[in-house]
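Trainee: Here UniProt numbering is used: the first residue of the sequence shown is 1, the next is one more, and so on.
Handing you a structure now.
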Amino acid sequence: QITTVSGNEFLLQSDIDFLILDWFHAIKNAIDRLPKEQRITSRNLEFKLRRSSSIELLNNLDTESKEPKPEHRKSLIFRLNYSASDTNDRNRVKSRLKKFISRRPSLKTLQEKGLIKDQIFGSHLHVVCEHEKSTVPQFVRLCIKAVERRGLDVDGIYRVSGNLATIQKLRFVVNQEEKLNLDDSQWEDIHVVTGALKMFFRELPEPLFPYCFFEQFVEAIKIQDNATRIKSIRNLVKKLPRPNYDTMKILFEHLQKIAAKESVNLMSTQSLGIVFGPTLLRPEKETGNMAVHMLYQNQIVELMLSEYSKIFGSEED
């Protein structure tokens, strides 16, 4: 906290100790670099701010401070006092930071009081589903409906990236539990919707294909006999937790509709496998086999799209 001679207070805040100390040393070093004649008690550091079309920082203290000030222009002068007791100040800052951090309420406490809401992006799939009392996140359903309503024929759907700033804005709206209308004009670019959907799956703490299943799916895709390979993948899919299975089923059904329009949107099952493979399944710990894993990831998604009815259909099918 910085208190100026004029009584203004500025609070620089961070949860990171060393960052606070960096700020302190930066301010101290800036003052130390000033000529001695400018480090007089009441006029340590002056900044004049004037408002025009924007706020400009004026450093020409020696020249402009001597010019007569027009009555219609008011300048704000900030003076920063610096105490020479460097060590004492540093220890005081450390002590206050430790007290502040130790007294902070836990995330769980804030959530219980309703001050922090459970977010959609970045939460575990089962947590989102439990919160919504469903087995498929509502956001996933809304995105799929929007894409199928106005994006099936779009060239490069899911491959082409949307505007990242708009995607982040949509992410914020979803996390704030605001009423979401994907037909609103601000989400008119369908690539923003597809980008947000991919981001949702990418930010899951545990991917749609759980970590404990990753190696099993990789071993299954390596099987040479096609019928045996499909059966192995099917058996693994059936073992997935309910939210994972139901979300996976509705997503792959949707992607199958995308692939069916390949002649128009140029998105084949292979293209979709490349886009969604690393997003939907990945190892818990990356190893030197990253390139090999990526190949298998793509092949797994491609096979599940090509053989959707056999993998997700009933036993009779």
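The beta carbon of each residue, even a glycine, is placed where N, CA and C say it ideally should be.
Remember, it's a predicted structure, so these values are computed and weren't measured experimentally.
Less than 7 Å separating the beta-carbons of residue 333 and Leu266?
Mentor: Not covered by the structure: residue 333. The range shown for the chain is 1 to 317.
Trainee: Which of the three DSSP states is assigned to Met304 in this structure?
Mentor: To locate residue 304, count along the sequence shown from 1; it is residue 304. Under the three-state reduction of DSSP, Met304 is assigned to helix.
Trainee: Would you mind stating whether Phe121 and Glu203 have Cβ atoms separated by less than 7 Å?
Mentor: Taking the first residue of the sequence shown as position 1, residue 121 is located at position 121. Taking the first residue of the sequence shown as position 1, residue 203 is located at position 203. Yes; because the gap between Cβ atoms is below 7 Å, this pair is in contact.
Trainee: Could you compute how far the alpha carbon of Gln138 sits from the alpha carbon of Ile250?
Mentor: Residue mapping note: residue 138 aligns to position 138 of the sequence shown, counting from 1. Residue mapping note: residue 250 aligns to position 250 of the sequence shown, counting from 1. Answer to the nearest angstrom: the Cα atoms are 12 Å apart.
Trainee: Exposed or buried, which one is residue 355 when buried takes at least 16 other CB atoms within 10 Å?
Mentor: The question about residue 355 has no answer here: the residues shown for the chain are numbered 1 through 317.
Trainee: Where does residue 324 fall in DSSP's three states?
Mentor: Lying before the first or after the last residue shown, residue 324 is absent from the chain, which here runs from 1 to 317.
Trainee: Give me the Cβ distance between Ile233 and Ala196, rounded to the nearest whole Å; I'm assuming they're in contact under 8 Å.
Mentor: Residue numbering aside, residue 233 sits at position 233 when the sequence shown is read from its first letter. Residue numbering aside, residue 196 sits at position 196 when the sequence shown is read from its first letter. No, Ile233 and Ala196 are not in contact; Cβ-Cβ is about 28 Å, not under 8 Å.
Trainee: Is the Cβ-Cβ distance between Phe214 and Ile300 less than 7 Å?
Mentor: Within the sequence shown, numbered from 1, the residue matching residue 214 stands at position 214. Within the sequence shown, numbered from 1, the residue matching residue 300 stands at position 300. Not closer than 7 Å, so no.
Trainee: How would you call Pro207, buried or exposed, if buried means at least 16 neighbouring beta carbons within 10 angstroms?
Mentor: Along the sequence shown, read from residue 1 onward, the residue named residue 207 stands at position 207. Counting the other CB atoms within 10 Å of its CB gives Pro207 a total of 16 or more, which places it among the buried residues.
Trainee: For Asn298, which residues from the same chain have a beta carbon less than 6 Å from its beta carbon, with the 5 sequence-adjacent residues on both sides left out?
Mentor: The sequence position of residue 298 within the sequence shown is 298, counting from 1. Closer than 6 Å at the Cβ level, and outside the excluded window around Asn298, lie Gly273, Ile274, Gly277.
Trainee: Are the region 138-157 and the region 171-188 in contact at 8 Å, needing three or more beta carbon pairs?
Mentor: yes
Trainee: Got a sec, what are the start and stop residues for the alpha helix (DSSP H) Phe217 sits in?
Mentor: Against the sequence shown, residue 217 aligns to sequence position 217. Boundaries of the alpha helix (DSSP H) around Phe217: 211-221.
Trainee: Using 10 angstroms around the beta-carbon of Thr269, count the other beta-carbons present and answer buried if the total reaches 16, otherwise exposed.
Mentor: Within the sequence shown, numbered from 1, the residue matching residue 269 stands at position 269. Under this definition Thr269 is a buried residue.
Trainee: Note down the Cα distance separating Asn88 from Gln119, rounded to an integer number of angstroms.
Mentor: Taking the first residue of the sequence shown as 1, we reach residue 88 at position 88. Taking the first residue of the sequence shown as 1, we reach residue 119 at position 119. Spanning the two alpha carbons is a distance of roughly 42 Å.
Trainee: According to the neighbour-count rule (16 or more other Cβ atoms, all chains shown, within 10 Å of its Cβ), is Ala146 buried or exposed?
Mentor: Counting from one through the sequence shown, the residue named residue 146 turns up at place 146. With 16 or more Cβ atoms within 10 Å of its Cβ, Ala146 is classed as buried.
Trainee: According to DSSP, is Leu49 helix, strand or coil?
Mentor: Here residue 49 refers to the residue found at position 49 when the sequence shown is read from its first residue. Note on Leu49: pLDDT 38, under 50, position unreliable in the model; no value is reported.
Trainee: Please determine if the region 154-167 and the region 223-241 are in contact, where contact requires at least 3 C-beta pairs separated by less than 8 Å.
Mentor: Contact between the region 154-167 and the region 223-241 is absent: fewer than three C-beta pairs spanning the two stretches fall below 8 Å.
Trainee: Mind checking whether Leu142 and Pro243 have CB atoms under 7 Å apart?
Mentor: Here residue 142 refers to the residue found at position 142 of the sequence shown. Here residue 243 refers to the residue found at position 243 of the sequence shown. The answer is no: Cβ separation not under 7 Å.
Trainee: If we ignore side chains and look at the alpha-carbon of each, how far apart do Glu178 and Lys133 end up?
Mentor: In the sequence shown, residue 178 corresponds to position 178, counting from 1. In the sequence shown, residue 133 corresponds to position 133, counting from 1. Distance between the alpha carbons of Glu178 and Lys133: 18 Å.
Trainee: Do you know offhand how far Phe24's Cα is from Phe100's?
Mentor: Numbered from 1 along the sequence shown, position 24 holds the residue referred to as residue 24. Numbered from 1 along the sequence shown, position 100 holds the residue referred to as residue 100. Whole-angstrom Cα-Cα distance: 17 Å.
Trainee: Classify Glu219: buried if its beta carbon has 16 or more other beta carbons within 10 angstroms, exposed otherwise.
Mentor: For the purposes of this step, residue 219 is identified with residue 219 of the sequence shown, where counting begins at 1. Exposed, by the Cβ-count rule.
Trainee: CA-CA distance, Lys231 and Phe312?
Mentor: To locate residue 231, count along the sequence shown from 1; it is residue 231. To locate residue 312, count along the sequence shown from 1; it is residue 312. Distance between the alpha carbons of Lys231 and Phe312: 11 Å.
Trainee: What residue range does the alpha helix (DSSP H) around Glu148 cover?
Mentor: If you number the sequence shown from 1, residue 148 lands on position 148. Where Glu148 is concerned, the enclosing alpha helix (DSSP H) stretches over 138-150.
Trainee: For Phe209, which residues in the same chain have their Cβ closer than 7 Å to its Cβ, ignoring the five residues on either side in sequence?
Mentor: Translated into the one-based positions of the sequence shown, residue 209 becomes position 209. Excluding positions up to five away in sequence, the list reads Phe217, Leu280, Leu281.
Trainee: Could you check whether Gly162 and Val140 sit closer than 7 Å to each other, using their CB atoms as the reference points?
Mentor: Position 140 of the sequence shown holds residue 140. Position 162 of the sequence shown holds residue 162. Cβ atoms of Val140 and Gly162: not closer than 7 Å.
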